[in-house]
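First residue of the sequence shown: 26, per this note's numbering; consecutive thereafter. The beta-carbon is built from N, C-alpha and C at its ideal position, and this holds for glycine as well. Down below is the structure, laid out as structure tokens.
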Amino acid sequence: MDKVAALEAQDLYRFYRAGGEETLALRGVSLTVAPGEVLAVVGPSGSGKSTLLSCLAGLDEPAGGRVLVGGEQLTHRPEADRARIRARRIGVLMQTRNLVAHLTVAQNIRLAQQLNLESGVLGREELLEGVGLRDRANAYASELSGGELARAGLAVALANTPDVLLADEPTGELDGAVETSILELLRARATAGTGLLIVTHSPAVVRVADSVIHLRDGQVAA
């Protein structure tokens with residue numbers, strides 16, 4: 026029996042209107058991420074990467090097409106349904122690192138897990154150990170280095186053992202050694218069965234990806 030895809034996007038379209046002008050941000054984008062696969066999405070600014078990520082995370086609704094996560098349809102459902110599916114099946118790692126500033130690292134993880142009523146989430150100790158922050162559990166975001174912020178954001182994104190992790194430039198502001206350590210963590214997560222989709226400009230990310238798609242003008246370039 027074929028495995029259910031961790032993430033599948035089918036023929037996504039997204040329009041924006043400003044005054045009398047219409048911008049077509051996505052033009053029939055389709056992609057699939059298998060469990061354990063790392064897919065890198067690259068392209069110039071304005072190519073539709075951020076719009077695609079928002080639609081895949083259920084934070085924005087496409088005008089056409091659909092998104093399935095672990096075989097469950099995410100798109101064209103009420104926001105409450107999308108939020109429930111996102112909490113249970115999707116880890117989102119944004120450039121802001123996912124952290125609530127007035128909470129500690131451990132409290133941020135706890136908050137993410139409180140949104141998921143399903144069983145199967147990782148223990149906080151295990152998560153913190155996995156990203157090398159066991160001794161920083163009680164630190165606030167303002168007390169963390171850039172590398173520690175990236176690791177803490179990753180722990181929050183993985184708090185509910187998601188089917189798929191969506192990451193927006195997860196190594197964008199990190200130096201080479203820290204970037205390498207974050208990529209090792211991401212690859213380990215993929216080895217454990219999570220599908221990864223990473224929007225990136227980093228050659229290092231592209232090198233570790235199993236597959237790469239190029240976006241240009243809202244389309245997957247040939």
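{"Asked": "Where E62 falls, given that 16 or more other Cβ within 10 Å makes a residue buried", "Found": "buried"}
{"Asked": "Contact between the region 226 to 242 and the region 65 to 77 (3+ Cβ pairs under 8 Å)", "Found": "yes"}
{"Asked": "Residues of its chain near M119, where Cβ-Cβ distance is below 7 Å and the 5 sequence neighbours each way are ignored", "Found": "D193"}
{"Asked": "For L169, three-class secondary structure by DSSP", "Found": "coil"}
{"Asked": "Bounding residues of the beta strand (DSSP E) (the contiguous stretch that carries S55)", "Found": "E46 to V58"}
{"Asked": "Whole-angstrom distance between P103 and A175, CA atom to CA atom", "Found": "31 Å"}
{"Asked": "Local Cβ density within 10 Å of R42, reported as buried at 16 or more and exposed below that", "Found": "exposed"}
{"Asked": "Nearest neighbour of R214, chosen from T186, P195 and L78 [CA to CA]", "Found": "T186"}
{"Asked": "Alpha-carbon spacing of R52 relative to E150, whole angstroms", "Found": "43 Å"}
{"Asked": "Cβ contact check for the region 161 to 168 and the region 90 to 100: 3 or more pairs under 8 Å", "Found": "no"}
{"Asked": "Per-residue DSSP class, three states only, for T129", "Found": "strand"}
{"Asked": "contact_flag[the region 217 to 230, the region 194 to 206] where n(CB pairs < 8 Å) is 3 or more", "Found": "yes"}
{"Asked": "At least 3 beta-carbon pairs within less than 8 Å: the region 29 to 39 vs the region 74 to 92", "Found": "yes"}
{"Asked": "Environment of D188 [buried if 16+ CB atoms lie within 10 Å]", "Found": "buried"}
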